[in-house]
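Participant: I'd like to ask you about the structure that follows.
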Amino acid sequence: MSLRTRIEQENALGGILTICAGIMFLVLNDAIAKVLTDRYHPVHIVFLRNLIAIPIILAAVLALHGAHALRTRNLGLHAWRGLIMVAAASLYFTSLSVMPLAEATVLVFAAPIFITALSVPLLGEHVGWRRWSAVLVGFIGVLIIVQPGASTFQLASLMPVGVAFLYALMMLSGRWLDPGEGLLTMMLYVVLFPMVYAAPVALWLWTPVQPADLWLFLVIAICGSLGIALISQAFRMAPAAVVAPFDYTSLIWATALGWLIWGDLLTPATVMGALVIIASGIFIVVREASR
Numbered sequence: 001m002s003l004r005t006r007i008e009q010e011n012a013l014g015g016i017l018t019i020c021a022g023i024m025f026l027v028l029n030d031a032i033a034k035v036l037t038d039r040y041h042p043v044h045i046v047f048l049r050n051l052i053a054i055p056i057i058l059a060a061v062l063a064l065h066g067a068h069a070l071r072t073r074n075l076g077l078h079a080w081r082g083l084i085m086v087a088a089a090s091l092y093f094t095s096l097s098v099m100p101l102a103e104a105t106v107l108v109f110a111a112p113i114f115i116t117a118l119s120v121p122l123l124g125e126h127v128g129w130r131r132w133s134a135v136l137v138g139f140i141g142v143l144i145i146v147q148p149g150a151s152t153f154q155l156a157s158l159m160p161v162g163v164a165f166l167y168a169l170m171m172l173s174g175r176w177l178d179p180g181e182g183l184l185t186m187m188l189y190v191v192l193f194p195m196v197y198a199a200p201v202a203l204w205l206w207t208p209v210q211p212a213d214l215w216l217f218l219v220i221a222i223c224g225s226l227g228i229a230l231i232s233q234a235f236r237m238a239p240a241a242v243v244a245p246f247d248y249t250s251l252i253w254a255t256a257l258g259w260l261i262w263g264d265l266l267t268p269a270t271v272m273g274a275l276v277i278i279a280s281g282i283f284i285v286v287r288e289a290s291r
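Dropping the structure here:
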C-alpha cells in the first residue's frame, strides 16, 4: 500500500468518525431542545442557546486566531444566512414540540433533495435526469411519511420539510462565502445574527428561566456549536461522497433518544419513507461526487 493511499484512508476514517461525532452532538442538542419546548417558546430557546454559545466561540476565535479573525468580507451574506438560520431553528424546535424526535429528523433528510433542485436557479448548475429522478424518489419518500390526505396527516409534519428547504438554502449560500474565511469565524456569525434576530421576539415572549434549566441551555449551546464545527471539519478532512452518507446516523441517535426519553417508536410508514429518502440522498451525493 502506497503512502498516499494510506493517508487517504486515514483521512477518510477520520472524516467518518468526526461527522458521526458531530451528528451525535446535534441530535443531543435537538433532544434537549424538545424537552425545553414544554416550558419555553422555540424562539426563546434559539435566543438563549446562541447567547450562551457566542462567548464560547468568540473565546476560541481569539485564542486560536487572534482579533483579526473577527473581520469578514461577507457581513451582508452572514446577515442573510443568519435570517435563514433563525427561521430554520425556530421552525424545527416548534415541530419538535408536537412531533416525535425521530420523525422530525427523518423529514429533515429531504435537504439533499432541495439542494439539488435549488442548485439550478441559484448556482446555475446542470442537473441530469438521474439526479432529477433521485429528487423525485426522495419526494415520494417524504409523501410516504407525511401521508397527505390520510386521517393521520398533521400540518406539523410540513415543518421539518420547511426546515430541510431552509437548510438547503443555508448550505448553498455557503458557496458564496470567501474561501479564506476560517471555520470558527463563520461559526461566530452563524450564531451571532440569529441571536440578534431572535432577541426582540424572545424578550417579548420572555419566560423566566428556571434555575434547573440553565445547565440544559448551556449543554445545547455547547452541543450545537460542537456539532456544526465537527461536521464542517469532516467535510474538510475527506470527500463529501465519503462522509455525507453518515449524516443519516442521526436517525439511530434520534430513534434511541426518542425511545429512552419519550417512549416513541418509529411507525412502519416512517421507516419506509426514511429508507426511500436515504437511498435518494446517498445517490445524489455519490452522483455529485462522480461528476
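154 is the number that UniProt numbering gives to position 154 of the sequence shown; each next residue is one higher, with no gaps.
Cβ atoms here follow ideal geometry from the backbone N, Cα and C, with glycine treated the same way.
No experiment lies behind these values; they were computed from the predicted model shown.
Would you tell me roughly how many angstroms separate the C-alpha atoms of Leu46 and Leu172, rounded to the nearest one?
Facilitator: Indexing the sequence shown from 1 puts residue 46 at position 46. Indexing the sequence shown from 1 puts residue 172 at position 172. The identity of residue 46 in the sequence shown is Val, whereas the question assumes Leu. Spanning the two alpha carbons is a distance of roughly 22 angstroms.
Participant: Among Phe193, Leu107, Trp129, which residue has its Cα nearest to the Cα of Leu158?
Facilitator: What you label residue 158 is simply residue 158 of the sequence shown in a count that begins at 1. Of Phe193, Leu107, Trp129, the residue nearest in Cα terms is Leu107.
Participant: Which runs of the alpha helix (DSSP H) spanning at least 4 residues fall entirely within the UniProt domain "EamA" (15-146), listed in chain order?
Facilitator: Counting whole runs of 4 or more residues, the UniProt domain "EamA" (15-146) contains the alpha helix (DSSP H) stretches 42-65, 75-96, 101-108, 111-123, 129-146.
Participant: Three or more C-beta pairs under 8 angstroms: does that hold for the region 227-246 against the region 77-96?
Facilitator: Short answer: they don't touch.
Participant: Between Leu143, Val191, Ser225, which lies nearest to Ala269 when the distance is taken from Cα to Cα?
Facilitator: Walking along the sequence shown from the start, residue 269 turns up at place 269. Measuring from the Cα of Ala269, the nearest candidate turns out to be Leu143.
Participant: Please state whether DSSP places Glu181 in a helix, a strand or coil.
Facilitator: As a first step, residue 181 must be located in the sequence shown, where it is residue number 181. Correct three-state label for Glu181: coil.
Participant: Residue range of the alpha helix (DSSP H) that Phe217 falls in?
Facilitator: Counting from one through the sequence shown, the residue named residue 217 turns up at place 217. Taken as a continuous stretch (DSSP letters only), the alpha helix (DSSP H) holding Phe217 covers 214-237.
Participant: Could you tell me the distance, in whole angstroms, from the CA atom of Phe235 to the CA atom of Ile282?
Facilitator: Along the sequence shown, read from residue 1 onward, the residue named residue 235 stands at position 235. Along the sequence shown, read from residue 1 onward, the residue named residue 282 stands at position 282. So the two alpha carbons sit approximately 15 angstroms from each other.
Participant: Going by beta carbon distance, what residues of the same chain come within less than 8 angstroms of Leu218, once the five residues before and after it are set aside?
Facilitator: In the sequence shown, residue 218 corresponds to position 218, counting from 1. Taken in chain order, the residues that qualify are Ile52.
Participant: Given that a residue counts as buried once 16 or more other Cβ atoms are within 10 Å of its Cβ, and exposed if not, what is Ser133?
Facilitator: Taking the first residue of the sequence shown as position 1, residue 133 is located at position 133. Label assigned to Ser133: exposed.
Participant: Going by other Cβ atoms of all chains shown within 10 Å of its Cβ, with 16 needed for buried, is Arg175 buried or exposed?
Facilitator: Here residue 175 is taken as the residue at index 175 of the sequence shown, counted from 1. The residue is exposed, with fewer than 16 neighbouring Cβ atoms inside 10 Å.
Participant: For Leu158, which three-state DSSP category applies?
Facilitator: Position 158 of the sequence shown, counted from the first residue, corresponds to residue 158. In this structure, Leu158 counts as helix in the three-state DSSP scheme.
Participant: Where does Leu266 sit, in a helix, a strand or coil, going by DSSP?
Facilitator: Position 266 of the sequence shown, counted from the start, is the residue given in the question as residue 266. Note: Leu266 maps to coil in three-state DSSP.
Participant: Taking 7 angstroms as the limit between beta carbons, can you name the residues of its chain near Phe139, skipping five residues before and five after?
Facilitator: By one-based count along the sequence shown, residue 139 stands at place 139. Cβ neighbours of Phe139 beyond the five flanking positions: Ile113.
Participant: Helix, strand or coil for Leu166, going by three-state DSSP, please let me know.
Facilitator: Numbered from its first residue, the sequence shown carries residue 166 at position 166. Leu166: helix per DSSP, three-state reduction.
Participant: Given 8 angstroms as the limit, is there contact between the region 201-215 and the region 55-66, that is, 3 or more CB pairs closer than that?
Facilitator: The region 201-215, when compared against the region 55-66, does not touch it at the 8 angstroms Cβ threshold.
Participant: May I ask which residues mark the beginning and end of the alpha helix (DSSP H) holding Val243?
Facilitator: The residue given as residue 243 occupies position 243 in the sequence shown. Run containing Val243: 240-243, per the alpha helix (DSSP H) assignment.
Participant: Could you round the C-beta distance between Ala33 and Leu96 to whole angstroms and report it? I think they count as a contact, below 8 angstroms.
Facilitator: Sequence index remark: in the sequence shown, residue 33 carries index 33 (1-based). Sequence index remark: in the sequence shown, residue 96 carries index 96 (1-based). Their Cβ separation, rounded to whole angstroms, is 6 angstroms, which keeps Ala33 and Leu96 in contact under 8 angstroms.
Participant: Do three or more CB pairs link the region 63-73 to the region 113-132 at distances below 8 angstroms?
Facilitator: The region 63-73, when compared against the region 113-132, does not touch it at the 8 angstroms Cβ threshold.
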